[in-house]
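Structure record follows, encoded as structure tokens.
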Amino acid sequence: MIGDTTTLALALGAMALAGLVRGFSGFGAAMILVPSLSVLFAPVVAVPVMSLTDSVCTLPIVIDSFRRCDWRQVLPLALSSAVTLPIGVQVLVRLDAAVLTVAIGILVLAITALMAAGWRYRGHVGLATTLATGAVAGFLGGAIGIAGPPVILFWLAGQADAVRVRANLFAYFGCSSVTSLSTLAFTGLFTGDVLWLTLLLAPAFAVALLVGGRLFGRAGERVFRFVALGIVGLIGLGAVVSGLA
């Protein structure tokens with residue numbers, strides 16, 4: 102299952118790219134690692150390797166982000182997404198996920214284009230809006246495996262600066278990882294091969310994560326928003342393509 106030298110080299114490259122993106126923007130690792138590791142190994146390997154690597158390597162940043170984030174938004178988002186995740190899973194079981202994936206991908210692309218044109222929400226963000234965003238994220242995560250865009254666009258559309266947005270994202274995904282790791286462990290997906298592969302690949306992710314963090318420190322507000330919106334746009338495009346395939 103571990104693979105030959107070429108397979109490992111490609112996996113290390115994917116890990117490095119994912120770590121760089123995650124360290125800079127605060128998100129995006131799953132978008133890179135799940136498809137690439139699924140091709141190189143298998144989805145049943147890709148998801149636990151990605152989840153374990155990301156959770157362990159980002160832990161110091163997550164802890165620091167807990168002191169910088171806006172808990173008035175992070176906590177309601179995390180709680181409401183955890184509640185609606187099982188509902189999304191039931192939809193996945195009963196309905197055609199491809200249609201929903203395409204629809205959500207198109208919506209994400211439309212909102213991303215609107216924000217790229219300069220739109221930002223100027224009004225007050227109340228608890229109801231925050232809970233609703235988390236609920237949508239959890240539902241989509243369970244139904245089609247795309248939980249990030251609603252939360253990411255929620256913060257990018259607001260008035261928070263890049264430092265706060267990045268801290269919020271690390272804190273939110275850090276909280277969410279507790280649920281995902283528990284689920285993966287309960288289903289027995291952390292096999293010996295998965296743990297061994299994680300040990301082999303995680304250093305590349307960790308080093309690139311640090312580099313991405315350094316690049317973020319040197320980037321301005323406009324660069325951060327440009328990169329973040331670009332990543333979200335790619336997620337939306339990928340959703341449309343995968344749904345139509």
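Count the sequence shown with my numbering and you get residues 102 to 346, in order.
Here a beta-carbon is modelled for each residue, glycine too, at the ideal position from N, C-alpha and C.
Proximity of residue i and residue j at Cβ, strictly below 8 Å
i      : j      : result
Val122 : Gly129 : yes
Gly127 : Thr213 : no
Ala305 : Leu153 : no
Val252 : Thr234 : yes
Leu241 : Gly189 : yes
Gly303 : Cys158 : Sequence inspection shows Ala at residue 303; the Gly mentioned does not correspond to that position. In this structure, Cys158 lies closer than 8 Å to Ala303 by Cβ.
Leu109 : Leu335 : no
Ala268 : Arg169 : yes
Gly313 : Gly124 : yes
Ile205 : Ile245 : yes
Leu290 : Pro187 : no
Supposed contact pair residue j and residue i - C-beta distance, whole angstroms, cut 8 Å
i      : j      : result
Ala147 : Leu138 : 4 Å
Ala248 : Ala238 : 5 Å
Arg326 : Leu257 : 7 Å
Val135 : Met116 : So it is not a contact: roughly 12 Å between Cβ atoms.
Val175 : Ala272 : 5 Å
Val341 : Val203 : 5 Å
Met132 : Gly293 : That belief does not hold up - the Cβ atoms of Met132 and Gly293 are roughly 27 Å apart, past 8 Å.
Gly259 : Val295 : Not a contact, Cβ separation roughly 37 Å.
Unbroken alpha helix (DSSP H) run spanning residue i, endpoints
i      : result
Asp155 : 144-158
Thr108 : 106-126
Leu138 : 130-141
The stretch 172-180 / the stretch 211-223 touching (three or more Cβ pairs under 8 Å): Result no; under three Cβ-Cβ pairs closer than 8 Å.
Every unbroken alpha helix (DSSP H) within the stretch 199-274, with a cutoff of 4 residues, ordered by chain: You should have 228-245, 249-257.
Does the structure place the stretch 164-178 close enough to the stretch 188-203 that three or more beta carbon pairs sit under 8 Å? By the criterion of at least three beta-carbon pairs nearer than 8 Å, the stretch 188-203 is not in contact with the stretch 164-178.
At 3 residues or longer, what runs of the beta strand (DSSP E) sit wholly inside the stretch 300-331? If one requires a minimum length of 3 residues, no beta strand (DSSP E) run lies completely within the stretch 300-331.
Stretch-stretch touch, CB-based, cutoff 8 Å, three pairs: the stretch 304-313 with the stretch 108-123: Yes, since at least three Cβ pairs between the stretch 304-313 and the stretch 108-123 fall closer than 8 Å, the two stretches touch.
Contact between the stretch 258-267 and the stretch 275-289 (3+ Cβ pairs under 8 Å): Touching, no, given that fewer than three Cβ pairs across the two stretches are closer than 8 Å.
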